[in-house]
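Colleague: Below you will find the structure I want to go over with you.
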Amino acid sequence: MTVIHPLQDTLTSRDGSLIFAIIKNCILSFRYQSSNEWELVGKWSDDFDKTQEIKKNVARDQQRQTSENENKNKKLKSNKGDSITKTVAKVPSPGIGAPPIYSYIRNLKLTADDSRLIACADSDKSVLIFDVDRASKTNILKLTKRFSFPKRPNAITVAEDGTTVIVADKFGDVYSIDINSNPEEKFTQEPILGHVSMLTDVHMMKDSTGHTFLITSDRDEHIKISHYPQCFIVDKWLFGHKHFVSSICCDKDSLLLSAGGDVNIFAWDWKTGETLSTFDYSGLIKPYLSDQHLAPSRFQNEDNSIIEFAVSRIVKLSNLPFAAFFVEATKCIMILEISEKEKGKLSLKQIINLPYNVISLSAQNDELQVTLDNQKSPNVQNNFVKFIQYNPNDCVFVDNDEKSNKFDDVITQSVGRDSNLNAEEECVYPLYNISSLRKHGEHYS
1 MTVIHPLQDT LTSRDGSLIF AIIKNCILSF RYQSSNEWEL VGKWSDDFDK
51 TQEIKKNVAR DQQRQTSENE NKNKKLKSNK GDSITKTVAK VPSPGIGAPP
101 IYSYIRNLKL TADDSRLIAC ADSDKSVLIF DVDRASKTNI LKLTKRFSFP
151 KRPNAITVAE DGTTVIVADK FGDVYSIDIN SNPEEKFTQE PILGHVSMLT
201 DVHMMKDSTG HTFLITSDRD EHIKISHYPQ CFIVDKWLFG HKHFVSSICC
251 DKDSLLLSAG GDVNIFAWDW KTGETLSTFD YSGLIKPYLS DQHLAPSRFQ
301 NEDNSIIEFA VSRIVKLSNL PFAAFFVEAT KCIMILEISE KEKGKLSLKQ
351 IINLPYNVIS LSAQNDELQV TLDNQKSPNV QNNFVKFIQY NPNDCVFVDN
401 DEKSNKFDDV ITQSVGRDSN LNAEEECVYP LYNISSLRKH GEHYS
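In structure tokens form, the structure reads like this:
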């Protein structure tokens with residue numbers, strides 16, 4: 001049986017008619033019909049050739065070195081004493097045993113009118129801008145611009161105007177780009193704000209007076225709220241996390257939820273900086289932990305009993321008083337109820353058990369989209385995505401089986417024959433990366 005690579009992430013349009021999915025270095029788009037039928041309407045693969053960029057950089061360095069040597073009256077010579085002129089940039093190749101390099105695509109976002117899709121590509125550390133042409137009969141995804149950055153973009157958000165993208169990178173810098181502008185050949189932009197460690201999430205919010213703020217989180221337990229566009233003015237910090245913050249989400253009012261390497265989910269009033277409540281999930285998650293959650297051997301005790309776990313993502317349903325989160329490498333989603341009487345108080349609403357480990361979680365139109373690590377599906381591969389909806393009659397969240405099953409069918413039919421999207425063992429992208437954010441003694445020595 002041909003095994004299709006699991007979906008690494010999904011994003012649904014605001015009207016619910018389109019879903020975008022990432023498999024390896026490919027973005028797929030599917031249209032949802034009212035009859036629960038799906039069709040593939042867009043596909044784009046990142047075929048960026050890194051060697052060309054490397055050659056350009058090597059050639060630039062060679063030119064600089066040659067110029068310096070000429071100024072010093074020095075020339076490269078062969079063993080016979082003849083001058084050597086380098087004309088072709090040599091591309092360095094990975095040595096034996098070097099780890100594989102994956103061309104990740106991550107951080108799918110849509111503009112407010114769903115007319116543009118934004119994504120990040122690891123291949124050249126870039127932000128990708130796509131036009132979403134719903135009228136196209138062949139492919140609704142059209143790559144229009146590619147903004148390259150000096151460091152890998154790690155999180156993005158899109159402003160309400162639909163033309164400004166905020167980019168947070170791996171080294172703690174935040175940039176603002178106008179997607180109507182043309183990408184620079186040589187990156188010269190200055191960051192608008194910075195942290196001293198890897199940024200993990202970024203959101204743009206407004207207060208009751210219409211002032212705009214950027215909310216950023218990092219690997220160093222910090223949540224920072226800055227004025228925008230005067231980002232050098234820090235409004236406040238939200239202190240309380242003892243370990244890294246991996247994910248934050250906000251509602252339309254002042255509620256902010258945050259999670260990461262701590263055993264607590266935090267609820268904040270981001271406008272005042274007040275901690276509204278915390279929710280300890282450590283006891284609830286214990287039955288779902290496995291050997292995957294054992295600490296690395298160099299940080300283990302003699303009994304090999306130290307476990308480490310972290311929340312990968314937390315999302316808020318826009319029109320319902322519920323939030324959902326999942327712990328990396330576990331087979332469940334936890335639903336929290338947010339009290340309307342006691343502002344920000346969190347309580348467990350429901351635990352949804354799933355057949356495989358959760359890879360990603362997203363929310364749109366009060367529906368949860370959950371992608372699963374279904375590589376070991378017996379016989380027929382299914383359970384790519386679960387569409388979980390709230391049933392107001394029974395006051396519980398349930399899987400929309402028909403919608404999920406139909407999506408399995410369209411994935412199998414449209415992707416199954418594409419060998420580039422198969423899940424051979426040596427070609428499976430790493431799916432569990434959040435735990436690597438945890439700091440141990442080596443980071444403080």
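Residues in the sequence shown are numbered consecutively from 1, following full-length UniProt numbering.
We treat Cβ as the ideally placed atom computed from N, Cα and C, and that holds for glycine.
1. Is E39 helix, strand or coil by DSSP?
2. In terms of DSSP beta bridges, what is A121 paired with?
3. What beta strand (DSSP E) runs, 3 residues minimum, are completely inside the UniProt repeat "WD 4" (149-193)?
4. When the Cα atoms are used, what is the spatial distance from I318 to A267?
5. Can the beta-carbon of I225 be found closer than 7 Å to that of D235?
6. Buried or exposed: G172, going by 16 or more other Cβ atoms within 10 Å of its Cβ?
7. In this structure, does DSSP put S115 in helix, strand or coil?
8. What residue range is occupied by the uninterrupted alpha helix (DSSP H) comprising N283?
9. Give the secondary structure of I434 by DSSP, where H, G and I count as helix, E and B as strand, and everything else as coil.
10. Helix, strand or coil for E302 per DSSP?
11. State buried or exposed for C26, treating a residue as buried only when at least 16 other CB atoms are found within 10 Å of its CB.
12. Under the rule that 16 or more other beta-carbon atoms within 10 Å means buried, what is S360, buried or exposed?
13. When the Cα atoms are used, what is the spatial distance from A159 to K242?
14. Do A324 and residue 446 come within 7 Å of each other at the CB atom, strictly closer than that value?
15. Beta-carbon within less than 6 Å of A21's beta-carbon, same chain only, minus the 5 sequence neighbours each way: which residues are those?
16. If we require 3 or more residues per run, which beta strand (DSSP E) segments fall completely within the region 314-390?
17. Please state the DSSP three-state secondary structure of T200.
18. Could you check the C-alpha separation between T212 and F299 for me, to the nearest Å?
19. Would you tell me roughly how many angstroms separate the C-alpha atoms of Y429 and K24, rounded to the nearest one?
20. Should the region 403-412 be called in touch with the region 377-387, which here means at least 3 C-beta pairs below 8 Å?
21. Sort T2, F239, S436 by Cα distance to A295 and report the nearest one.
22. Let me know the secondary structure DSSP gives C427 once reduced to three states.
23. Compute the Euclidean distance between the alpha carbons of K145 and K125, then round it to the nearest angstrom.
24. For L354, count neighbouring Cβ atoms within 10 angstroms of its own Cβ and tell me buried if that reaches 16, exposed if not.
25. Determine the DSSP secondary structure at D269, reduced to helix, strand or coil.
26. Give me the Cβ distance between I4 and V396, rounded to the nearest whole Å; I'm assuming they're in contact under 8 Å.
27. Determine the DSSP secondary structure at K439, reduced to helix, strand or coil.
28. Note down, one range per segment and in chain order, each alpha helix (DSSP H) of at least 4 residues found wholly within the region 229-258.
29. Please name the residue in D269, F130, F147, N180 whose C-alpha comes closest to that of M205.
30. Is there a Cβ from chain D that is less than 7 Å from the Cβ of N400?
31. For S445, name the three-state secondary structure that DSSP assigns.
32. Within this structure, are the beta carbons of S17 and Y32 separated by less than 7 Å?
33. How many angstroms separate the CA atom of Y444 from the CA atom of M198?
34. When you compare only the Cα positions, how much space is there between D47 and L128?
35. Contact check, G344 vs I338 under 8 Å by CB: the rounded distance?
36. Buried or exposed for Q364, please, with buried defined as at least 16 other CB atoms from any protein chain shown within 10 angstroms of its CB.
Modeller: This is what the structure gives:
1. Residue state for E39 is assigned as strand, using DSSP reduced to three classes.
2. In the DSSP output, where bridge partners are listed per residue, A121 has I105, S126.
3. As far as the UniProt repeat "WD 4" (149-193) is concerned, its whole beta strand (DSSP E) runs of at least 3 residues are 153-158, 164-169, 173-178.
4. Per the sequence presented here, residue 318 reads as Ser, with Ile not at that position. Rounded to the nearest angstrom, the two C-alpha atoms are 16 Å apart.
5. Yes, Cβ-Cβ distance for I225 and D235 is below 7 Å.
6. Per the 10 Å Cβ criterion, buried.
7. In this structure, S115 counts as coil in the three-state DSSP scheme.
8. Note that residue 283 is Gly in the sequence shown here, rather than Asn. 282-285 is the extent of the alpha helix (DSSP H) around G283.
9. It is helical.
10. Coil at E302, not helix or strand.
11. Under this definition C26 is a buried residue.
12. Within 10 angstroms of the beta-carbon of S360 lie 16 or more other beta-carbons, which makes it buried.
13. Cα to Cα, A159 sits roughly 30 Å from K242.
14. An answer regarding residue 446 cannot be provided, because it is not within the stretch 1 to 445 covered by the chain.
15. Taken in chain order, the residues that qualify are L7, T10, L28.
16. Secondary structure remark: continuous beta strand (DSSP E) runs of at least 3 residues inside the region 314-390, in chain order: 322-327, 332-338, 346-353, 358-364, 367-372.
17. In the three-state reduction of the DSSP assignment, T200 falls in the strand class.
18. Each residue's alpha carbon lies about 43 Å from the other.
19. Roughly 7 Å separates the two Cα atoms.
20. At 8 Å Cβ cutoff, the stretches touch.
21. Here the closest residue by C-alpha is S436.
22. The answer is helix: DSSP assigns C427 an H, G or I state.
23. When rounded, the distance between both Cα atoms is 13 Å.
24. Answer is buried; the Cβ neighbour count reaches 16.
25. Here D269 carries a strand assignment [DSSP, helix/strand/coil].
26. Not really, about 31 Å apart at Cβ, beyond 8 Å.
27. Note: K439 maps to coil in three-state DSSP.
28. Scanning the region 229-258 from its first residue to its last, no whole alpha helix (DSSP H) run of 4-plus residues comes out.
29. Comparing C-alpha distances from M205 to each of D269, F130, F147, N180 shows the shortest one belongs to D269.
30. Any reference to chain D falls outside this structure, which holds one protein chain only.
31. Note on S445: pLDDT 42, under 50, position unreliable in the model; no value is reported.
32. In this structure, S17 lies near Y32, with their beta-carbon atoms less than 7 Å apart.
33. For Y444, the predicted model reports a pLDDT of 49, less than 50, meaning its position is unreliable; a value from the coordinates is still stated below. Looking at the two C-alpha atoms, the distance is approximately 15 Å.
34. Cα to Cα, D47 sits roughly 13 Å from L128.
35. Here G344 really is in contact with I338; their C-beta atoms are around 7 Å apart, less than 8 Å.
36. Buried: at least 16 other Cβ atoms inside 10 Å.
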